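Encoded as structure tokens, the structure appears first; notes follow it.
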Amino acid sequence: MTGDASRPELRIGMIGYLFMGRAHTQAWSTIGRAFDLPARPVLRVVCGPDRADTERAAARLGWAEVETDWHALVRRDDVDVVDICAPASLHAPIAIEALAAGKHVFCEKPLANTVEEAAQMAEAARAASGRGVRSMLGFNYRRVPALSYAWQLMRDGRLGEIRHVRVAYLQDWLSDPAAPMNWRMTSRVSGSGVLADLGSHAIDLSQHLLGEPVNAVSGLTATFVAQRPLPPDVDAPAHGLDPDLRTGVVDVPDAAAFLARFASGAVGTFEVSRMATGRKNSLRVEVNGSTGSLAFDLERICELELYDATQPPAEQGFRRILMTEPVHPWVAAWWPPGHVIGWEHTFSHELRDLVVAIAEGVDPRPSFADGLQVQAVLDAVERSSRGGGWVEVERRPTW
Ligand SMILES: NC(=O)c1ccc[n+]([C@@H]2O[C@H](COP(=O)([O-])OP(=O)(O)OC[C@H]3O[C@@H](n4cnc5c(N)ncnc54)[C@H](O)[C@@H]3O)[C@@H](O)[C@H]2O)c1
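Those letters in the sequence shown? Residues 1088 to 1486, per this note's numbering, in order.
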């Protein structure tokens, strides 16, 4: 529990407590100390399939109670917000049931595993909004201060007419063929693997920055290692794996690359991989317009590079802007200028904005409709990679 005890409580029920569960817990625990919040987040209940494991996690992370059945968590009267930190195959059933039960929902990305599921979630969110129930999707990179500031520069027309956006999101944790299976390599649980995982971030960021949707894509996907060992202690069914096999079949891409055409005619170039040896969590974004360019590298999260083509030729070049001034988005809540913040703060920023949106009665972004548009692009890339050639993206209601 954090923040002023006189504020009303906002009781959180979180499903999943590992990677994202830890990141969200950190954010829920911190935001009341950093921001002047209209409500006080309370770590009410956390859910995982195994009671003993979940109780250990709850004790370490500071959650008051545990559930082992997410349906039970969603039905609880003492939960106001359901925070979904479980694999993507669970996003649609949990979110739809939670919204129907009148709970605000924060859902990790990608929205879902299929366009159909995503459309059902977007519809459930639309209907819930009419009853004052909010939903938000966890594309946390929108809330890197440098990328949010880049978005503002583009809204102000500082880059002129946009010609190119280039996004590479690269990791290397599957470079070793002996790296063991987990749910991220099984389509039934993770959808399109790296495409859904890292590709969804890349697509959302580009559509958000440009303020327009991808109209068509041409892509390819690659699976370099088709079978991987099961971890020795794996609970195979819980991970969607066959318990009789000592190896698991990887039925999702390890890497994907695609070209995209935006509605305005701008050209997008995207690459995502879990096999880019040496790249741990490398997210690079560059946008080129008629009067300027900007570039961002997640490994230098507090910097934005800006090129202003209207400067005199003798003084041209990319400028490095340090994004630690109080005028930069969310930054005033943290430390004095030059005292850098990091990756975990993106989660604090999104959950802070969710708490404010709930209090103000407005729908936060990214919305489930935004996630549906991303899902339509992912689906088009998959179809393009199977059949070759350009595939049109169906326009969804956000735009
Ligand atoms: N925003 C980001 O940068 C980012 C980064 C990583 C993952 N993610 C997303 O977060 C989600 C979770 O990924 P993760 O990396 O935290 O996975 P993880 O494997 O680390 O954690 C998954 C959690 O879900 C729980 N779980 C699984 N089945 C369950 C069930 N039936 N009932 C209750 N709990 C269940 C597990 O116990 C575990 O605690 C995914 O959608 C993933 O794409 C987002």
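Virtual Cβ for every residue (Gly too), placed ideally from N, Cα, C. Predicted, not measured: the structure shown is a model, and the values here were computed from it.
Beta-carbon proximity list for residue i, same chain, < 6 Å, skipping 5 on both sides
i       : result
Asn1488 : In this structure the chain extends from 1088 to 1486, so residue 1488 is not present and cannot be described.
Gln1294 : Pro1300
Arg1253 : Thr1356 and Glu1373
Ala1212 : Ser1222 and Phe1455
Ala1347 : Val1301, Val1304 and Gly1355
Met1088 : Summary for Met1088: the model assigns pLDDT 49, below 50, so the residue's position carries little reliability, and this model does not support an answer.
Arg1271 : Ser1277
Thr1112 : Leu1148
Pro1125 : Ala1446
Glu1437 : Asn1227 and Arg1230
Ala1419 : Pro1413
Gly1060 : A question about residue 1060 goes unanswered here, because the residues of the chain that appear run from 1088 up to 1486.
Ala1382 : Glu1373 and Glu1392
Arg1497 : Because the chain in this structure spans residues 1088 to 1486, residue 1497 falls outside the shown range and cannot be described.
Asp1137 : none
Residues near residue i in its chain [Cβ-Cβ closer than 7 Å; skip 5 each side]
i       : result
Ala1236 : According to the sequence provided, residue 1236 is Tyr. The question's Ala does not apply to it. Same-chain partners within the cutoff: Leu1391, Met1410, His1415 and Pro1416.
Glu1154 : Val1132, Cys1134 and Leu1160
Glu1248 : Gly1376 and Ser1377
Asn1368 : Gln1258 and Leu1385
Pro1344 : Contrary to the premise, residue 1344 reads as Ala rather than Pro in this sequence. If we look at Ala1344 and ignore the five residues flanking it on each side, its Cβ neighbours are Gly1306, Leu1307, Phe1357 and Glu1358.
Thr1334 : Gln1314, Arg1315, Pro1316 and Leu1317
Arg1366 : Leu1257, Gln1258 and Asp1259
Extent of the continuous alpha helix (DSSP H) to which residue i belongs
i       : result
Asp1466 : Phe1455 to Gly1474
Tyr1236 : Pro1232 to Arg1242
Glu1386 : Unbroken run through Glu1386: none, as it is neither H nor E.
Arg1406 : Premise fails: Arg1406 lies in the beta strand (DSSP E), Arg1406 to Leu1409, not in any alpha helix (DSSP H).
Arg1213 : Val1202 to Ser1216
Assigned exposure category for residue i - 16 Cβ within 10 Å defines buried
i       : result
Glu1195 : buried
Trp1422 : exposed
Arg1131 : buried
Leu1385 : buried
Trp1486 : Legend: pLDDT at Trp1486 = 46, less than 50; position of this residue unreliable, no value from coordinates given.
Val1449 : exposed
Leu1105 : exposed
Trp1260 : exposed
His1426 : exposed
Ala1467 : buried
Thr1397 : exposed
Ser1472 : buried
Ser1360 : buried
Asp1341 : buried
Arg1439 : buried
Ala1114 : buried
Ser1093 : exposed
Ser1287 : buried
Glu1203 : exposed
His1251 : exposed
Gly1352 : exposed
Gly1217 : exposed
Arg1242 : exposed
Arg1127 : buried
Unbroken beta strand (DSSP E) run spanning residue i, endpoints
i       : result
Leu1102 : For clarity, residue 1102 is Ile in the given sequence; the question names Leu instead. Taken as a continuous stretch (DSSP letters only), the beta strand (DSSP E) holding Ile1102 covers Glu1096 to Ile1102.
Ser1444 : Going by the sequence as given, residue 1444 is Ala instead of Ser. From DSSP, Ala1444 is part of no beta strand (DSSP E) but of the alpha helix (DSSP H) over Glu1431 to Glu1447.
Asp1291 : Taken as a continuous stretch (DSSP letters only), Asp1291 belongs to no beta strand (DSSP E), being part of the alpha helix (DSSP H) at Ser1287 to Leu1297.
Met1268 : Taken as a continuous stretch (DSSP letters only), Met1268 belongs to no beta strand (DSSP E), as it is neither H nor E.
Asn1302 : Val1301 to Ala1309
Gly1225 : Ser1222 to Gly1225
Gly1376 : Ser1369 to Gly1376
Pro1316 : Gln1314 to Pro1316
Val1354 : Val1354 to Ser1360
Tyr1228 : Run containing Tyr1228: none; DSSP gives neither H nor E here.
Thr1364 : Neither: Thr1364 is in no beta strand (DSSP E) and is coded neither H nor E.
Ala1255 : Ile1249 to Leu1257
Leu1346 : Ala1342 to Phe1349
Gly1335 : Thr1334 to Val1336
Own chain partners of residue i with C-beta closer than 8 Å, once the 5 adjacent residues on each side are dropped
i       : result
Gly1404 : Tyr1394
Asp1123 : none
Interface flag, residue i vs chain C, CB-CB below 9 Å
i       : result
Ala1350 : The question asks about chain C, but that chain is absent: this structure has only one protein chain.
*Just list the beta strand (DSSP E) runs in the region 1091-1156, keeping only unbroken ones of 3 residues or longer that don't cross its boundaries, in chain order.*
1096-1102, 1127-1134 and 1152-1154, all fully within the region 1091-1156.
*Complete runs of the beta strand (DSSP E) confined to the region 1166-1191 [at least 3 residues]*: Unbroken beta strand (DSSP E) runs of no fewer than 3 residues, entirely contained in the region 1166-1191, are found at 1168-1171, following chain order.
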